[in-house]
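J.: In our numbering, the protein residues as written are 33 to 168.
We put the CB at the ideal spot given by N, CA and C, even for glycine.
Owing to the predicted nature of the structure, the values given are computational and were not obtained by experimental measurement.
Below, the structure is given as structure tokens:
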């Protein structure tokens with residue numbers, strides 16, 4: 033189900049709680065909401081739809097995928113950039129990394145370890161920050 037996007041810094045003030053298999057509907061809702069906003073959005077975290085769980089979704093080219101309880105385990109290639117967010121007005125400066133490795137559960141709650149680079153890595157870092165209570 034497509035959910036309303038929550039606005040304001042308050043939604044990122046708390047670290048997200050780990051997701052469990054009981055949160056499958058949140059994964060579906062988050063993917064549906066991302067698809068409905070693809071023209072203006074490339075990633076979302078569950079707190080953006082009012083759910084304080086560690087779930088993110090990412091749009092990479094024509095694909096959308098979920099990452100449950102993502103943890104960035106490695107990063108390299110630091111650079112400075114600016115990012116915007118559907119939940120916040122304007123753009124803000126931030127530091128990102130060109131290459132990252134992430135441990136997470138996929139949408140079937142199976143463990144994954146993957147490497148990402150470029151814009152996809154930037155999206156993941158932005159959304160993981162949301163899960164960790166970091167406001168860009």
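Look at the Cβ atom of residue 129, then the Cβ atom of residue 150, and state whether they are nearer than 7 Å.
T.: Numbered from 1 along the chain shown, position 97 holds the residue referred to as residue 129. Numbered from 1 along the chain shown, position 118 holds the residue referred to as residue 150. Cβ atoms of residue 129 and residue 150: not closer than 7 Å.
J.: In chain order, what residues of the same chain lie with their CB nearer than 6 Å to the CB of residue 34, ignoring the 5 residues before and after it?
T.: Start at 1 with the first residue of the chain shown, and residue 34 comes out as number 2. Sequence-distant partners of residue 34 (beyond 5 residues in either direction) whose C-beta falls short of 6 Å from its own C-beta, in its chain, are 64, 65, 68.
J.: Go ahead and pull the three-state DSSP assignment for residue 117.
T.: Translated into positions along the chain shown, residue 117 becomes position 85. Three-state DSSP puts residue 117 in a strand.
J.: Looking only at DSSP bridge pairs, what is residue 135 linked to?
T.: The residue given as residue 135 occupies position 103 in the chain shown. In the DSSP output, where bridge partners are listed per residue, residue 135 has 103, 145.
J.: From which residue to which residue does the beta strand (DSSP E) around residue 90 run?
T.: Your numbering for residue 90 matches position 58 in the chain shown. According to the DSSP assignment, residue 90 belongs to the beta strand (DSSP E) that extends over 87-92.
J.: Could you tell me the distance, in whole angstroms, from the CA atom of residue 88 to the CA atom of residue 111?
T.: Indexing the chain shown from 1 puts residue 88 at position 56. Indexing the chain shown from 1 puts residue 111 at position 79. Each residue's alpha carbon lies about 22 Å from the other.
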